[in-house]
Ligand code: M6R
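Here it is, written out as structure tokens:
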């Protein structure tokens with residue numbers, strides 16, 4: 030039931046602090062500075078032997094996988110790649126027994142992701158699932174994995190599943206990293222940041238009215254760009270996906286550096302650019318790109334870290350999110366973009382929980 034909320038999507042966005050708490054409950058070991066993911070069912074030795082991680086999924090789940098890819102490479106020093114599940118299944122991927130293939134799927138029923146699981150198993154990889162729906166096909170066929178425990182997600186636009194998927198990916202990265210190069214104290218510090226994530230999300234949710242006001246200002250625009258770098262690149266993709274699916278605004282998520290290679294030609298005064306300028310490596314470069322957008326008369330909505338508000342000077346609007354380490358920052362930032370998309374869709378009178386042409390789970394390829 031939606032209760033006090035007008036839409037399931039809104040309810041599910043506001044459930045995120047609790048959903049993330051449920052995802053991480055009992056899974057962080059602060060003393061050892063690691064994550065305990067019993068469903069993964071591999072020993073420290075198995076983890077130490079992994080020499081490549083391949084993450085497969087579709088849509089929002091693939092975006093969560095991208096955050097995981099960055100975290101696994103950065104923290105564990107293990108080669109990680111993310112691939113659209115359909116692409117993976119059809120290109121005869123090269124797989125060795127020391128590859129870990131992680132399939133991410135909220136529903137656990139997405140046809141292409143399931144086919145990718147079968148392909149990887151057949152080729153002898155270690156396969157794990159990250160699913161929300163208990164007992165779903167992907168959860169069963171992978172045999173090992175981590176459930177989100179996010180509770181049912183009804184809104185077609187995925188919100189709490191994404192933040193919980195990222196939470197699991199970060200815990201997996203921590204676990205693998207602790208069998209490699211990450212020192213115990215650094216692991217403990219990271220585990221503490223994971224534990225703080227629900228609170229970071231709460232801080233963003235408190236700004237619902239501010240974000241709504243920004244959304245109303247741009248609700249009539251028919252095009253929008255989202256730009257970011259590093260951990261914020263997948264967040265830019267996810268922000269654009271949210272906006273296009275529920276508001277029918279043509280939205281593009283781009284790596285900030287890619288703008289100059291074509292899309293900048295589309296900018297004009299009615300095409301807002303949402304620039305992810307959080308205080309992480311790459312910020313200064315993205316700022317430069319955002320300034321280039323302004324110079325083409327595009328309005329810029331700057332998403333900045335708390336305490337670093339000066340970055341937004343000269344831009345049109347600002348959304349402030351809590352300051353946190355790079356790997357953590359997708360969590361609060363995406364919540365701001367979910368709210369932005371929601372309020373734009375609401376102002377446009379869209380059918381938010383059941384957008385046209387979309388189904389909650391895509392069981393045909
Ligand atoms: O159930 P899954 O996570 O496998 O679904 C994957 C995508 O179909 C899904 O994330 C889709 O992109 C959502 N509508 C995004 O909001």
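In the numbering used here, the protein residues as written are 30 to 394. The C-beta atom is built at its ideal place from N, Cα and C for all residues, glycine as well.
**Q.** Residue from 161, 163, 146, 345 whose Cα sits closest to the Cα of residue 155
**A.** Walking along the chain shown from the start, residue 155 turns up at place 126. When only C-alpha atoms are compared, the closest one is 146.
Q: Could you tell me which of 170, 302, 94, 137 sits nearest to residue 181, measuring between CA atoms?
A: The count along the chain shown starts at 1 and reaches residue 181 at position 152. By alpha-carbon distance to residue 181, the top candidate from 170, 302, 94, 137 is 137.
Q | Nearest-angstrom Cα separation, counted from residue 116 out to residue 73 | A | Sequence index remark: in the chain shown, residue 73 carries index 44 (1-based). Sequence index remark: in the chain shown, residue 116 carries index 87 (1-based). Going from the Cα of residue 73 to the Cα of residue 116 covers about 31 Å.
Q: Label residue 90 either buried or exposed according to how many other C-beta atoms from any shown protein chain fall within 10 Å of its C-beta, with 16 as the threshold for buried.
A: In the chain shown, counting from the first residue as 1, residue 90 sits at position 61. Buried, because 16 or more other Cβ atoms sit within 10 Å of the Cβ of residue 90.
(Q) Could you tell me the alpha carbon to alpha carbon distance between residue 364 and residue 337, rounded to whole angstroms? (A) Your numbering for residue 364 matches position 335 in the chain shown. Your numbering for residue 337 matches position 308 in the chain shown. The straight-line gap from Cα to Cα measures roughly 19 Å.
Q. Going by DSSP, what residues sit across from residue 90 in a beta bridge?
A. Position 61 of the chain shown, counting from 1, holds the residue named residue 90. Residue 90 pairs with nothing; no bridge assigned.
Q) So what's residue 107 in DSSP terms, helix, strand or just coil? A) On the chain shown, position 78 is the one that residue 107 refers to. Three-state result, residue 107: coil.
Q. For residue 98, does the count of other Cβ atoms within 10 angstroms reach 16, so buried, or fall short, so exposed?
A. Position 69 of the chain shown, counting from 1, holds the residue named residue 98. Buried, by the Cβ-count rule.
Q) Quick one, are the C-beta atoms of residue 275 and residue 190 less than 7 Å apart? A) To locate residue 275, count along the chain shown from 1; it is residue 246. To locate residue 190, count along the chain shown from 1; it is residue 161. The answer is no: Cβ separation not under 7 Å.
Q) Is there contact here, the segment 294-310 with the segment 319-339, by at least three beta-carbon pairs under 8 Å? A) yes
Q: Answer yes or no: do residue 359 and residue 96 have a C-beta to C-beta separation smaller than 7 Å?
A: Walking along the chain shown from the start, residue 359 turns up at place 330. Walking along the chain shown from the start, residue 96 turns up at place 67. For residue 359 and residue 96, yes; Cβs fall inside 7 Å.
Q: Report buried or exposed for residue 163, applying the criterion of at least 16 other Cβ atoms within 10 angstroms of its Cβ.
A: One-based indexing of the chain shown puts residue 163 at position 134. When all chains shown are included, residue 163 counts as exposed.
Q: Give the secondary structure of residue 255 by DSSP, where H, G and I count as helix, E and B as strand, and everything else as coil.
A: The residue labelled residue 255 in the question sits at position 226 within the chain shown. Residue 255: strand per DSSP, three-state reduction.
Q: Identify the continuous beta strand (DSSP E) that holds residue 119 and give its terminal residues.
A: Taking the first residue of the chain shown as 1, we reach residue 119 at position 90. Note, residue 119: premise wrong, no beta strand (DSSP E); alpha helix (DSSP H) at 114-119.
Q. Rounded to a whole number of angstroms, what is the C-alpha to C-alpha distance between residue 78 and residue 129?
A. In the chain shown, counting from the first residue as 1, residue 78 sits at position 49. In the chain shown, counting from the first residue as 1, residue 129 sits at position 100. For residue 78 and residue 129, the distance between alpha carbons rounds to 10 Å.
Q | Reference residue 100, options 31, 211, 48, closest by Cα | A | In the chain shown, residue 100 corresponds to position 71, counting from 1. Ranking the options by Cα distance to residue 100, first place goes to 211.
Q: Following the continuous beta strand (DSSP E) through residue 158, name the residue where it begins and the one where it ends.
A: Counted from its first residue, the chain shown places residue 158 at position 129. Element bounds for residue 158: 155-160.
Q.
In the DSSP output, which residue or residues are listed as bridge partners for residue 81?
A. Your numbering for residue 81 matches position 52 in the chain shown. Bridge partners of residue 81: 108, 128.
Q. If you draw a straight line from the alpha carbon of residue 381 to that of residue 209, how long is it in whole angstroms?
A. Locating residue 381 in the chain shown gives position 352, where the first residue counts as 1. Locating residue 209 in the chain shown gives position 180, where the first residue counts as 1. Distance between the alpha carbons of residue 381 and residue 209 is about 44 Å.
Q: Would you mind reading off the limits of the alpha helix (DSSP H) that contains residue 335?
A: Indexing the chain shown from 1 puts residue 335 at position 306. Going by DSSP, residue 335 is part of no alpha helix (DSSP H) at all; its letter is neither H nor E.
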